[in-house]
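According to our numbering, the sequence shown holds residues 76 to 247 in order. For reference, the structure discussed in these notes is given below.
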Amino acid sequence: MDLRVLRLALSGVCCCCLIACSARPPGPIETRTAYWVKQHITVGGKSDKNPIVATAENIDAGKHAFGYYCVECHGRDGQNTGVPFATRLAPPVPSMAGGQVQAYTDGQLKWIIDNGIFPSGMPASKGTLSDQEAWQIVLYLRDLPRAGSLGDPKAYSGDEYEPDEAPQGGAN
Ligand code: HEC
């Protein structure tokens, strides 16, 4: 290959890297790459099975725990309804109903709840949530209601902030 063409190609690659590293919302290719890396390499628990049976009571318990611990960033419906900053974070808060989140195995979703996703804003909940609550939340993530059907989180509704009642059976 002509040296000039090679140099041009290399500087093109460097430019792409620099653009990719700058602070701005990730584009579709970066998002797809990041999910591939998470789903195949960094997120553990892939083959762990949910020991909690998907009864109406357990799904409801998961919904309740989600409405307490996760609601500020993910909305009551897990689809960011009423969360004002959801699209402004980098990476943005994804919809729990979306294909990329649903492509995680149950064990990986539990791992994400336990460990968070470093260095994004997704916090680790191990020690705050019991294993049972985390698995119940996984059940809820697999059985989400229609987007918008549960209204906005109370924190952003303009009324005085009053969190949902703490669920029973936490880690402490
Ligand atoms: C302080 C805000 C915040 C809270 C509270 C929060 N999350 Fe997240 N969550 C995020 C952000 C930001 C992301 C995007 C992370 C990424 O793509 O790197 C995320 C992503 C996720 C994902 C998908 C991971 C991925 O790779 O896209 C799952 C599943 C999730 N959260 C579940 C939960 C659950 C369950 C709770 C409550 C126990 C919770 N989150 C609490 C901000 C939050």
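Cβ coordinates follow ideal geometry from the N, Cα and C atoms, glycine included.
Three-state secondary structure (DSSP) of Leu204: Translated into positions along the sequence shown, residue 204 becomes position 129. Strand at Leu204.
Contact the region 205 to 212 vs the region 183 to 197: 3+ CB pairs below 8 Å: By the criterion of at least three beta-carbon pairs nearer than 8 Å, the region 205 to 212 is in contact with the region 183 to 197.
Three or more C-beta pairs below 8 Å linking the region 108 to 117 and the region 125 to 137: no
Burial state of Trp111, where buried means 16 or more other Cβ atoms lie within 10 Å: By 1-based counting over the sequence shown, the position of residue 111 is 36. By the 10 Å Cβ count, Trp111 comes out exposed.
Where the alpha helix (DSSP H) containing Phe193 begins and where it ends: The residue given as residue 193 occupies position 118 in the sequence shown. From DSSP, Phe193 is part of no alpha helix (DSSP H); its letter is neither H nor E.
Ser195 Cβ short of 8 Å to the ligand HEC heavy atom set: Against the sequence shown, residue 195 aligns to sequence position 120. Yes, the Cβ of Ser195 comes within 8 Å of a heavy atom of the ligand HEC.
Reduced DSSP secondary structure (H/G/I, E/B, other) of Gln211: For the purposes of this step, residue 211 is taken as residue 136 along the sequence shown, with counting starting at 1. In the structure shown, Gln211 sits in a helix (DSSP, three-state: H, G or I).
Three or more C-beta pairs below 8 Å linking the region 191 to 198 and the region 218 to 225: With a cut-off of 8 Å on Cβ pairs, the region 191 to 198 is not in contact with the region 218 to 225, counting fewer than three such pairs.
Pro103 beta carbon near the ligand HEC (any heavy atom closer than 8 Å): Residue numbering aside, residue 103 sits at position 28 when the sequence shown is read from its first letter. No, the beta carbon of Pro103 sits no closer than 8 Å to any heavy atom of the ligand HEC.
Ala161 and Gly174 closer than 9 Å at C-beta: Along the sequence shown, one-based indexing puts residue 161 at 86. Along the sequence shown, one-based indexing puts residue 174 at 99. No.
DSSP state of Asn133 mapped onto helix, strand, coil: In the sequence shown, counting from the first residue as 1, residue 133 sits at position 58. Secondary structure at Asn133: helix, using DSSP grouped into helix, strand and coil.
Closest residue to Ala165 among Arg99, Pro242, Trp210 (Cα-Cα distance): Your numbering for residue 165 matches position 90 in the sequence shown. Of Arg99, Pro242, Trp210, the residue nearest in Cα terms is Arg99.
Lys138, buried or exposed, once every other Cβ within 10 Å from all chains shown has been counted against 16: For this step, residue 138 is matched to residue 63 along the sequence shown. It counts as buried.
For Asn133 and Ser97, the rounded distance between their alpha carbons: Taking the first residue of the sequence shown as 1, we reach residue 97 at position 22. Taking the first residue of the sequence shown as 1, we reach residue 133 at position 58. Since pLDDT at Ser97 reaches only 48, below the 50 mark, its modelled position is unreliable, and no value is offered.
Buried or exposed by the 16-neighbour rule on C-beta atoms within 10 Å, applied to Ala136: Position 61 of the sequence shown, counted from the start, is the residue given in the question as residue 136. Buried is the call here.
Contact test: Ala222 Cβ vs the ligand HEC heavy atom, cutoff 8 Å: By 1-based counting over the sequence shown, the position of residue 222 is 147. No, since every heavy atom of the ligand HEC falls outside the 8 Å radius drawn around the Cβ of Ala222.
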